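Numbering (our numbering), first residue to last: 497 to 629.
Cβ atoms here follow ideal geometry from the backbone N, Cα and C, with glycine treated the same way.
Keep in mind it's a predicted model, so treat the numbers as computed, not measured.
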């Protein structure tokens, strides 16, 4: 598998792609496991008022965890798409290469450390290809 990227060698890109694919599998497994757990709530647990409240809290937590995993999945998919189009490892704010060390720690990252710190100082959060906040 040869992937063109002028900032990183092919071995590094292939290694990152494999890591991202493994992370994607793990996230998908978590999502599927959570779906099964959500479906498996037996109706008899909802008899007492306290049980209803606890079930509601559990469902809310489950929803938040699922949303977090779905955001992570979108980030992983975006990184994989960038590998395919040759733009992996390029900061979306500065168009400069992201450090190899940062990519090794966070292979899905879209921002250099400097751009991420600036986003944080500005009180913004980067979500997908758009800023939120």
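Quiz prompt | DSSP-derived helix/strand/coil call for residue 572 | solution = helix
Exercise. For residue 559, count neighbouring C-beta atoms within 10 Å of its own C-beta (all shown protein chains included) and say buried if the count is 16 or more, exposed if not.
Key: exposed
Quiz item: So what's residue 594 in DSSP terms, helix, strand or just coil?
Solution: coil
Self-check item: In DSSP terms, what residue 586 is bridged to
Solution: 593
Quiz item: I think residue 576 touches residue 526, with their Cβ atoms under 8 Å apart; what is that distance to the nearest whole Å?
Solution: 18 Å between Cβ atoms; not a contact.
Exercise. Using three-state DSSP, classify residue 607 as helix, strand or coil.
Key: coil
Quiz prompt | From 604, 602, 619, 589, residue whose alpha carbon lies closest to that of residue 610 | solution = 589
Practice problem: With DSSP collapsed to three states, give me the class of residue 501. | Solution: coil
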